[in-house]
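S.K.: Chain order of the listed sequences is A and B.
Residues in the first sequence are numbered consecutively from 1, following this note's numbering.
Residues in the second sequence are numbered consecutively from 1, following this note's numbering.
For every residue, glycine included, the Cβ atom is placed at its ideal position computed from N, Cα and C.
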Amino acid sequence: MTGEKALALMAHLMRRAGFGASKREIEARALKGYETTVEELVDPSSHGIPGLHEGIFYRHYTGIANPGNPLNMRGNFLYRMINSPRPLEEKTTLFWHQVFATGYSKVDNGNELLHQIDMFRKFGMGSYRELLVKLAKNPAMIFWLDNNENHKHAPNENWGRELLELFTMGQGHYSEEDVKECSRAFTGWTIGRKLPKNPYGRFLWEFDYRSEDHDEGEKQFLGHTGNFNGEDIIDIIVEQPATSRFLARHLYNFFVEDEVQVPSWLDIPPMNPEAIDAIANTLVENQFDVRSTLRFIFNSDFFKDEKVWFKRVKSPAELIVGTLKVVEDYHFPKPGLSEIAEECGFQGQALLDPPSVEGWHTGKEWIDSGALLRRINFVADRLSDKDLPGVRLMVEELCKKGDMSSKELLDECLDRMGILRLERETFDELIQHMNKSGTENLDKTTQGEVARADLITDVMRLIAATREYQFA
Amino acid sequence: MQAISVGDRVYNYSQTLGRGSDGGIGFRNPVDLAISPDGIMYVLSRASDANQCQRVTVLTTEEEFISEFSGPGTDDGQFIWPTSIVIDNEGMIYVADEWLNRITIFDNLGNFHSKWGKPGHEIGQLNGPAGLAFDSKGCLYVSENLGHRIQKFTKDGEHIKTWGNQGQLEGELTRPWGITVDSDDNIYVADWYNNRVQKFDSDGRFMSVFGSQGPGLDLPSSVAVDLEGDVYVTSWWNCKVEIFRRDGSHITTLSGNADKLSKWAAEFLNQNPDYRKARQLVKDLEPEWAFFRPIAIKTTDDGRIWISEDERWRIQVYQKELDWEIPILNL
């Protein structure tokens with residue numbers, strides 16, 4: 001594949017395996033080649049790609065490493081999404097956050113929630129089985145799903161139930177008895193006594209295994225019998241075909257194409273059952289290694305197929321981060337990060353504070369009339385701000401090109417906003433709108449650079465409202 | 001009382017001051033502090049992006065709250081990203097702001113007096129002022145985070161001298177932060193990104209380097225020199241304070257010893273019994289003793305060492321035993 005098609009495919013990859021990329025980055029990656037780029041994305045360490053320089057980040061944003069305020073906590077995550085040299089690592093972190101949704105509304109400890117996010121960052125592309133064990137021991141999760149209240153003589157089934165229903169197998173593949181037995185196996189998995197948040201701020205909580213509070217009795221779980229502890233339960237879960245299919249569908253939903261909401265998965269078959277089978281098989285063949293599975297997905301025909309391009313509604317985080325990358329805002333610390341974090345919440349995704357353990361409803365449910373307006377306005381405001389480096393550069397480059405027809409100008413803007421491809425109908429509508437606004441011949445009658453620059457940003461704002469920009 | 005004894009030096013943990021708060025009693029991300037000769041402390045809270053409570057808290061060294069001044073904003077006397085605070089020989093207070101690229105001057109009651117500084121890369125302009133220090137002649141040295149250089153001004157902002165450029169060689173700097181001047185008017189700069197402290201003479205000539213001996217420095221943010229010439233450095237990223245002799249040899253490492261609550265923290269716990277009870281249930285309070293991002297360090301002539309912690313909202317104080325001699329072993 002060469003030329004325009006290769007660039008368009010690379011843009012698709014970067015929208016899915018990252019948060020979008022500038023035309024320059026897409027061109028540079030296309031030069032390296034698709035498979036090489038996939039390798040760099042799935043295994044950045046082996047390619048010598050460093051993570052974010054946390055020192056520079058924390059030097060400027062005091063208080064964001066150990067946040068008492070949830071906006072600092074969200075800003076911390078968002079800044080990394082914008083600036084991490086490892087976009088897939090950050091995207092996978094977001095994926096796990098959406099699957100293993102844990103919320104500030106109850107945990108009330110930004111430091112601990114960021115610690116969980118960091119766990120996803122460090123281990124999210126490794127073994128799913130290991131990640132589940134770490135999750136079961138994660139203090140924020142223990143507190144969120146009440147496993148600290150799960151005692152030998154008074155079990156609490158919250159964690160056990162969600163582990164099966166939302167984190168591994170999905171409804172319909174286990175019984176109520178399995179939930180009870182699973183919960184018994186996790187008794188004694190709790191949090192150590194912790195220092196309170198005042199007067200000196202939060203201290204990290206610690207996992208504490210209390211053998212005296214663990215139910216040592218025999219358990220029967222998914223057809224297995226034994227004196228199971230938590231890790232045994234996870235081993236049995238990972239062996240179930242339902243688990244690989246459940247995770248496969250999650251991966252497909254997040255990286256390939258919007259599926260229906262998770263609670264409907266029992267009743268509604270996948271969009272692409274063959275792809276789900278292939279992903280599930282890859283998981284099993286690779287001992288649930290997420291990195292190998294992502295490599296398989298990005299190199300697969302079903303991922304590269306143009307039919308799935310622009311078939312995922314961007315989550316608010318993806319939309320905001322992608323836009324800030326295009327306009328090159330917050331590429332270095334500057335005041336106001338908490339306002340960006342707040343905007344993400346206004347658009348319906350208050351990071352680290354999902355509405356429930358079920359996480360956010362995704363796909364078309366990201367968009368209602370209020371959210372759509374906010375999404376469009378946010379993007380349009382950034383794209384019309386000529387003080388932002390990315391906008392300034394795009395305007396300068398396009399101004400240098402001199403007179404252009406409406407079609408040429410629209411094509412150029414679409415390229416610079418991440419090599420977007422509009423459907424014919426949308427494209428024609430935009431041209432029509434540009435012509436109606438008298439923009440077709442504006443260059444020939446322009447009174448100078450300002451009018452030309454305004455025209456360019458007007459076109460970019462129009463693009464911001466298209467389905468293709470709002471989708472990934 | 002915990003004591004750190006090494007060779008001919010003893011550092012006794014003395015006290016802790018402060019607690020977290022967005023106003024009034026307490027600090028929020030105290031990035032720097034200054035202590036006047038009469039024992040009045042000025043603690044500069046940078047706050048966070050979401051907790052807009054930048055301010056200067058005025059207190060005695062015995063932790064008696066006196067007042068606070070300034071606040072978040074761009075108006076005269078306000079801050080966005082304050083970095084450093086110093087007092088001149090007339091008691092006027094100078095605060096640097098690395099976002100607004102200006103130096104703001106207050107009287108000792110906290111009333112706005114004046115400001116100077118223009119943003120830019122040119123000589124005499126300010127490009128991310130990060131550290132401030134006065135010499136004995138009343139000249140003000142400014143280290144620049146983004147300019148990678150040191151500039152010397154009169155206290156009214158007239159430019160005198162500039163040195164340094166981005167790099168790793170002797171005399172070069174990368175994102176310098178804290179700066180101090182010793183009794184001989186030599187200048188010490190926390191060369192943050194290069195993990196070292198560089199010593200210059202008053203004309204900006206490189207003299208020596210600190211940090212190559214001992215466990216090393218990890219993004220040092222602040223430096224202080226005591227009357228005996230010992231050099232103290234906050235190794236911000238790994239949460240240590242490293243102490244060196246004037247020849248650069250390493251003396252010891254402080255990790256934090258706050259086993260005694262500050263007066264304000266104790267008051268808080270007395271007023272909030274739930275917090276007090278929660279602490280009583282904790283098996284081990286030792287994690288609370290350790291530094292968490294020690295960011296600024298000062299010494300006073302009485303041998304005390306003052307260390308503010310960005311993420312713990314407090315100041316730990318050590319007392320160096322002056323003129324200490326090793327006792328004979330068979331006592």
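(1) Is the distance from the Cβ of residue 28 of chain B to the Cβ of residue 262 of chain B below 8 Å?
(2) Beta strand (DSSP E) containing residue 299 of chain B: first to last residue?
(3) At what residue ranges does the stretch 245 to 323 of chain B contain a whole run of the beta strand (DSSP E), taking only runs of 3 or more?
(4) Run through the DSSP bridge pairs and tell me what residue 32 of chain B is partnered with.
(5) I'd like to confirm the pairing. Which residues does DSSP put opposite residue 159 of chain B in its beta bridges?
(6) Taking its Cβ as the centre, do 16 or more other Cβ atoms sit within 10 Å of residue 28 of chain A, making it buried, or is it exposed?
(7) Please list, in chain order, all residues of the same chain as residue 206 of chain B whose beta carbon is under 7 Å from its beta carbon, the five residues on each side excluded.
(8) When the Cα atoms are used, what is the spatial distance from residue 365 of chain A to residue 176 of chain A?
(9) For a test of the three-state rule: what should DSSP assign to residue 466 of chain A, helix, strand or coil?
(10) Taking the continuous beta strand (DSSP E) assigned at residue 355 of chain A, which residues delimit it?
(11) In three-state DSSP terms, what is residue 207 of chain B?
(12) For residue 31 of chain B, which residues in chain A fall below 9 Å Cβ to Cβ?
(13) List the residues that DSSP assigns as beta-bridge partners of residue 126 of chain B.
(14) Show which residues of chain B have a CB atom less than 7 Å away from the CB atom of residue 193 of chain A.
(15) Per DSSP, residue 209 of chain A forms a beta bridge with which residues?
(16) Using a C-beta cutoff of 8 Å, does residue 489 of chain A count as contacting chain B?
(17) Compare the C-alpha of residue 484 of chain A against each of A:179, A:138, A:375 and A:252 and name the closest.
(18) In the structure shown, what three-state DSSP assignment does residue 167 of chain A receive?
(19) What did DSSP end up calling residue 281 of chain A once you bin it into helix, strand or coil?
(20) If the cut is a Cβ gap below 7 Å, which residues of chain D does residue 196 of chain A touch?
(21) If you count every other CB in all the chains shown that lies within 10 Å of the CB of residue 11 of chain B, and 16 or more means buried, which is it?
(22) Can you find the residues in the same chain that come closer than 7 Å, C-beta to C-beta, to residue 146 of chain A, ignoring five residues on each side of it along the sequence?
(23) At a CB distance below 8 Å, what residues from the stretch 45 to 68 of chain B approach chain A? Give them in sequence order.
(24) My understanding is that residue 315 of chain B touches residue 222 of chain B, with C-beta atoms under 8 Å, so please give their C-beta distance in whole angstroms.
(25) For the stretch 160 to 174 of chain A and the stretch 107 to 123 of chain A, state whether three or more C-beta atom pairs, one from each stretch, are separated by less than 8 Å.
(26) At the level of alpha carbons, what is the spacing between residue 210 of chain B and residue 258 of chain B?
(27) Please go through the same chain and pick out, in chain order, the residues whose beta-carbon is closer than 6 Å to the beta-carbon of residue 114 of chain B, but skip the five residues on each side of it.
(28) Name the residues in the stretch 210 to 230 of chain B whose C-beta lies less than 9 Å from a C-beta of chain A; which are they?
(29) With DSSP run on the structure shown, which of helix, strand or coil describes residue 330 of chain A?
(30) Per DSSP, what kind of secondary structure is residue 74 of chain B in: helix, strand or coil?
(31) Would residue 24 of chain B pass as an interface residue toward chain A - the criterion being a Cβ-Cβ separation below 8 Å?
(32) Starting from residue 65 of chain A, find everything on chain B with Cβ-Cβ shorter than 7 Å and list it in chain order.
(33) Please report how far the alpha carbon of residue 191 of chain B lies from the alpha carbon of residue 132 of chain B, in whole angstroms.
(34) Using DSSP with H/G/I as helix, E/B as strand and the rest coil, what is residue 380 of chain A?
(35) Counting along the chain, where does the alpha helix (DSSP H) carrying residue 391 of chain A start and finish?
(36) Please name the residue, chosen from A:199, A:357, A:17 and A:293, that lies closest to residue 277 of chain A on a Cα-to-Cα basis.
M.R.: The answer reads as follows:
(1) Translated into the one-based positions of the second sequence, residue 28 of chain B becomes position 28. Translated into the one-based positions of the second sequence, residue 262 of chain B becomes position 262. Not in contact: residue 28 of chain B and residue 262 of chain B (Cβ atoms no closer than 8 Å).
(2) Indexing the second sequence from 1 puts residue 299 of chain B at position 299. Residue 299 of chain B -> beta strand (DSSP E) spans 294 to 299.
(3) Listed in chain order, they are 250 to 254, 294 to 299, 304 to 309 and 314 to 320.
(4) For the purposes of this step, residue 32 of chain B is taken as the residue at position 32 of the second sequence. Paired residue(s): B:44.
(5) Along the second sequence, read from residue 1 onward, the residue named residue 159 of chain B stands at position 159. Bridge partners of residue 159 of chain B: B:153.
(6) Here residue 28 of chain A is taken as the residue at index 28 of the first sequence, counted from 1. Residue 28 of chain A comes out exposed.
(7) Start at 1 with the first residue of the second sequence, and residue 206 of chain B comes out as number 206. Only 170, 171, 198 and 200 meet the Cβ criterion.
(8) The count along the first sequence starts at 1 and reaches residue 365 of chain A at position 365. The count along the first sequence starts at 1 and reaches residue 176 of chain A at position 176. Whole-angstrom Cα-Cα distance: 30 Å.
(9) Your numbering for residue 466 of chain A matches position 466 in the first sequence. When secondary structure is reduced to three states using DSSP, residue 466 of chain A falls in the coil class, being assigned neither helix nor strand.
(10) The residue given as residue 355 of chain A occupies position 355 in the first sequence. Annotation for residue 355 of chain A: no beta strand (DSSP E) segment contains it, and DSSP assigns it neither H nor E.
(11) Within the second sequence, numbered from 1, the residue matching residue 207 of chain B stands at position 207. It is a strand residue.
(12) Residue mapping note: residue 31 of chain B aligns to position 31 of the second sequence, counting from 1. Correct list: 62.
(13) What you label residue 126 of chain B is simply residue 126 of the second sequence in a count that begins at 1. B:119, per the DSSP bridge assignment.
(14) Here residue 193 of chain A refers to the residue found at position 193 of the first sequence. Correct list: 281, 282 and 283.
(15) Start at 1 with the first residue of the first sequence, and residue 209 of chain A comes out as number 209. Per DSSP, A:189.
(16) Chain A is shown only over 1 to 472; residue 489 of chain A falls outside these bounds and no answer can be derived.
(17) Since the displayed chain A opens at 1 and closes at 472, residue 484 of chain A lies outside it and no answer follows.
(18) Walking along the first sequence from the start, residue 167 of chain A turns up at place 167. The answer is helix: DSSP assigns residue 167 of chain A an H, G or I state.
(19) The residue given as residue 281 of chain A occupies position 281 in the first sequence. DSSP places residue 281 of chain A in helix when its eight states are reduced to three.
(20) In the displayed structure, chain D is absent; the protein chains listed are A and B.
(21) Residue 11 of chain B sits at position 11 when you count from the first residue of the second sequence. It counts as buried.
(22) Taking the first residue of the first sequence as 1, we reach residue 146 of chain A at position 146. Cβ neighbours of residue 146 of chain A beyond the five flanking positions: 156, 158 and 159.
(23) 46, 47, 48, 49, 50 and 51
(24) In the second sequence, the residue the question calls residue 315 of chain B occupies position 315. In the second sequence, the residue the question calls residue 222 of chain B occupies position 222. Not a contact, Cβ separation roughly 12 Å.
(25) Taking a contact to require three or more Cβ pairs closer than 8 Å, the stretch 160 to 174 of chain A and the stretch 107 to 123 of chain A do not qualify as touching.
(26) In the second sequence, the residue the question calls residue 210 of chain B occupies position 210. In the second sequence, the residue the question calls residue 258 of chain B occupies position 258. Going from the Cα of residue 210 of chain B to the Cα of residue 258 of chain B covers about 27 Å.
(27) In the second sequence, the residue the question calls residue 114 of chain B occupies position 114. So the list reads 105, once near-sequence residues are dropped.
(28) If the cut-off is 9 Å between Cβ atoms, the stretch 210 to 230 of chain B has 218, 219 and 221 near chain A.
(29) Residue numbering aside, residue 330 of chain A sits at position 330 when the first sequence is read from its first letter. DSSP places residue 330 of chain A in coil when its eight states are reduced to three.
(30) Locating residue 74 of chain B in the second sequence gives position 74, where the first residue counts as 1. Note: residue 74 of chain B maps to coil in three-state DSSP.
(31) Taking the second sequence and counting its residues from 1, one reaches residue 24 of chain B at position 24. Not one chain A Cβ lies under 8 Å of residue 24 of chain B.
(32) Position 65 of the first sequence, counting from 1, holds the residue named residue 65 of chain A. Going along chain B in sequence order, the residues near residue 65 of chain A (Cβ under 7 Å) are 311.
(33) Here residue 191 of chain B refers to the residue found at position 191 of the second sequence. Here residue 132 of chain B refers to the residue found at position 132 of the second sequence. C-alpha separation (whole angstroms): 14 Å.
(34) Here residue 380 of chain A is taken as the residue at index 380 of the first sequence, counted from 1. The answer is helix: DSSP assigns residue 380 of chain A an H, G or I state.
(35) Position 391 of the first sequence, counted from the start, is the residue given in the question as residue 391 of chain A. Run containing residue 391 of chain A: 389 to 400, per the alpha helix (DSSP H) assignment.
(36) Counted from its first residue, the first sequence places residue 277 of chain A at position 277. The residue with the shortest Cα to Cα distance from residue 277 of chain A is A:293.
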